[in-house]
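Here the structure is laid out as structure tokens; the discussion comes afterwards.
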Amino acid sequence: MIRNPFLRRIAPQLIILGIVLGLNVLVFPDFFHVEMKNGRLFGNLIDVLNRGAPTALLCVGMTLVIATKGIDLSVGAVMAIAGATAASLVVDGNHWTVAVIGALSVGALCGMWNGFLVAFLRIQPIVATLVLMVAGRGIAQLITEGTILTFLDPGLIHLGAGTVKGVPTPVLIWLTLGLFVAYFVRRTALGMLIEAIGINEASSRLAGINSRVLLVCVYVVSGIGAAIAGIIVAADIQGADANNAGLWLELDAILAVVIGGNSLLGGRFSIVASLLGAMIIQSVNSLILLSGMPPEFNLIIKALLIIAILVIQSPKVAHLLYILRASAPQSHPKQLPPFKESKR
Amino acid sequence: MIRSTHLPLIVTLATFVLAYALCAWQYPAMLSLRVVANLLTDNAFLGIVAVGMTFVILSGGIDLSVGSVIAFTGVFLAVVLRDTTMHPLMAFALVLVITSAFGAAMGSIIHYLEMPPFIVTLAGMFLARGAAYVLSTDSVPITHEFYDALQQVYWKTASGGRFRLIGGVMILTFLVGIVVAHRTRFGQNVYALGGGSATSRLMGVPVASTTIGIYAISGGLAGLAGIVFSLYTSAGYSLATVGVELDAIAAVVIGGTLLTGGFGFIAGTFFGILIMGLIQTYIVFDGTLSSWWTKIVIGGLLFAFILLQKGLTWASTARRKAATGFVTPS
């Protein structure tokens, strides 16, 4: 048995990731081969880390939101808005740092709007974030005036396509943000307070937790993460596409959180497990590409993956397994397995 | 005296009449029957799918898979009619069986595995869209004399407006939906389920068969909408109707149905569809506004109606608040 509780928590995700990477090596033996070319790391593994950056950035905030029993459907639209903001600021002749700060503020503002609807107007999270999901792409198109805004600012492009000491910048950005947030919520009481809200908001409020402010903060983190992802996607293609930037990425982010073993019903969460989930999704994508399967199967495989995880996570199935295990003939009847609480 | 339970429906109706009056005041041509006929034709598939969505939302659930199911139906019909000699009517029946069974399968996963409808129908959305991709990634044209015959069925008014068959199918779907929701036992069960799953079980509502039935209806109506959409475009394309589920949900909410379930009217959804169609027609008439304003205005309307619902819920719990000092948050 693994003693360390943290390792035990992320063990299933590590095992799945290992299996998927192993399958990748089977279909493409050079999968782990990484080399330096023109001062830049090249290889399939680097590609997985790089292409998974937007999902990974989204799933940091999404994990926190889902831990409070909420959901944020608007992240894809926020990505489009942030990308459009950054592009239009740069095109207007501002320095790229101004553009980044502007895009991040817009992301934070979007998060604040969602948080306000959820925490103060007490609207269900699905519904509250649906408003921005529907209207958000319209707003992004309003900013880009319906065109794909292209830009040539080297500073901004560096964020999406550049490298730092050979490592692609997006990889460094998502690793830094993910590990910082994960460390921050676990080293302070914030993580525990967020879990308390997710398990029972009424009693957490009675226990003295300022749940409203925390809820707003959680959605703001999600908005900022989405804004960073939006900047990276826009910088990567050197243009802001209001229609397609981040399209359906909110679903990938939710899927990553679910693969990370976090319950959609709120409560305990692990950001590191969600990040591993994002990497699993990207490795599956790369597996489909490398194995030469038609990319049409991508969605079907993803759907089957969700269904399999749902069945495993289902409280009914967990209960059934428990009964099966308890009713099996035991050599030491006195040492019944301790009742394991399901992860919800 | 207006009964408060009808208030959202009345607000929707008033919004529609007011919006139409404003449009007609600015562009008198909006009053022509041609515009009305086009409003029904262009929104036919959305209306049909919104009826199914109303049932799902009334029961407290959500169905994100409908847009993909419409695309799947279109591609399926196109591929079947191209590669086999099957008669379109036979293909229609087959695709309706497939989509209803698909919905029923999602309903049983939701009920028996106790999973949130949101994530189950999300998986269904991926599955249906993926199945459409596997059938064909290209846009497949449909050329069949039966399709031409169906497209020629319309009732022409004196002013040149054409009420086509698919608009009639939508209105018929709404009428059947209203009867089922308000005049049958199944409809009563749907409302009861939306009021509370545990309570309805204690009341003797067959929760399992009702849940599965609701999602089967939603899937089947999405299939019907797919047939209508293929008649409308004469083609099947796997990337078509992306995001229609959001439009359908928005129409249901604008129609005054409570997203928490248990309260709402199918007729409200009809006016929700008309309001959304009206916004698009207005933008076409105006000519200077860009199409993205549609999304922003619909988002704004969505927000306004959610606030209205919240206000009504708040008003009905305010008395309890005065008595106990605080409201138990829902």
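So the sequence lines, in the order shown, correspond to chains R and S. Numbering (my numbering) for the first sequence: 765 to 1108. Numbering (my numbering) for the second sequence: 12 to 341. Just so it is clear, CB atoms sit at the ideal spot from N, CA and C, and this is done for glycine as well.
Minimum Cβ-Cβ distance from methionine 126 of chain S to chain R less than 7 angstroms: yes
Inset, instruction - With DSSP as the reference, label valine 22 of chain S as helix, strand or coil. - result: helix
| request: May I have the straight-line CA-CA distance separating alanine 203 of chain S from tyrosine 226 of chain S, to the nearest angstrom? | output: 16 angstroms
Mind checking alanine 851 of chain R: buried by the 16 CB within 10 Å criterion, or exposed? buried
### Message
Under DSSP, the alpha helix (DSSP H) around leucine 92 of chain S begins and ends at which residues?
### Response
77-94
Decide yes or no for the touch test of the region 1000-1011 of chain R against the region 883-895 of chain R: beta carbon pairs closer than 8 angstroms, at least 3 of them. no
*C-alpha gap between threonine 23 of chain S and valine 295 of chain S, whole angstroms*: 23 angstroms
**Prompt:** Which value, in whole angstroms, describes the spacing of the CA atoms of methionine 1043 of chain R and glycine 840 of chain R?
**Reply:** 18 angstroms
Could you tell me whether the Cβ of lysine 1107 of chain R comes closer than 7 angstroms to any Cβ of chain S? Reliability of the predicted coordinates at lysine 1107 of chain R is poor, the pLDDT of 45 falling under 50, and no value is obtained from them.
**Item:** Cβ of serine 1078 of chain R within 7 angstroms of any chain S Cβ
**Value:** yes
Whose C-alpha, out of R:Leu822, R:Met826, R:Pro1079, R:Ala960, is nearest the C-alpha of isoleucine 995 of chain R? R:Leu822
Sort R:Leu1028, R:Gly926, R:Ile1023, R:Val1036 by Cα distance to valine 1048 of chain R and report the nearest one.
R:Ile1023
message = Could you check whether leucine 69 of chain S and glycine 272 of chain S sit closer than 7 angstroms to each other, using their CB atoms as the reference points?
response = yes
- Since I believe serine 967 of chain R is in contact with serine 975 of chain R (beta carbons under 8 angstroms), could you give me their beta-carbon distance rounded to a whole number of angstroms? Contact flag wrong, Cβ pair sits at about 10 angstroms.
Backbone CA spacing between glycine 237 of chain S and phenylalanine 281 of chain S [nearest angstrom]: 18 angstroms
In whole angstroms, what is the alpha-carbon distance linking alanine 999 of chain R and tryptophan 1012 of chain R? 19 angstroms
Exercise. Leaving aside the five residues before and after alanine 1159 of chain R along the sequence, list all residues of the same chain whose C-beta is less than 6 angstroms from its C-beta, in chain order.
Key: Outside the shown range of chain R, which is 765 to 1108, sits residue 1159 of chain R, and nothing can be said about it.
**OP:** Would you please state the rounded distance, in angstroms, between the beta carbons of isoleucine 961 of chain R and threonine 827 of chain R? I believe it to be under 8 angstroms.
**Re:** 14 angstroms between Cβ atoms; not a contact.
So histidine 11 of chain S and valine 218 of chain S are in contact, right, with Cβ under 8 angstroms, and what is the actual spacing, rounded?
Absent from the model: residue 11 of chain S. The displayed extent of chain S is 12 to 341, so no value can be given.
- request: Run the CB neighbour count on alanine 971 of chain R, radius 10 Å, all protein chains shown included, and call it buried at 16 or more, exposed below.
  value: exposed
Practice problem: Spell out a yes or no on whether the region 296-303 of chain S and the region 90-97 of chain S are touching, meaning 3 or more CB-CB pairs, one atom from each, closer than 8 angstroms. | Solution: no
With DSSP as the reference, label leucine 138 of chain S as helix, strand or coil. helix
Using the DSSP secondary-structure output, state which residues sit across from arginine 175 of chain S in a beta bridge. S:Tyr165
- prompt: Counting only beta-carbon atoms, is leucine 1074 of chain R nearer than 7 angstroms to chain S?
  reply: yes
Is there contact here, the region 1079-1090 of chain R with the region 846-860 of chain R, by at least three beta-carbon pairs under 8 angstroms? no
With DSSP collapsed to three states, give me the class of proline 769 of chain R.
helix
Pull out every residue of the region 870-902 of chain R whose Cβ sits closer than 9 angstroms to any Cβ of chain S, in chain order.
-> Leu881, Leu885, Arg886, Ile887, Gln888, Ile890, Val891, Ala892, Leu894, Val895, Leu896, Met897, Val898, Ala899, Gly900, Arg901, Gly902
Whole-angstrom Cβ separation of alanine 1004 of chain R and threonine 908 of chain R, contact assumed at under 8 angstroms? 6 angstroms
Handout entry: Segments assigned beta strand (DSSP E), at least 3 residues, entirely inside the region 253-300 of chain S
Key = none
**Prompt:** If you run the structure through DSSP and keep just helix, strand and coil, what is proline 127 of chain S?
**Reply:** coil
Within the 7 angstroms Cβ cut-off, does threonine 314 of chain S reach chain R? Per the sequence shown, the amino acid found at residue 314 of chain S is phenylalanine instead of threonine. Yes, phenylalanine 314 of chain S counts as interfacial toward chain R.
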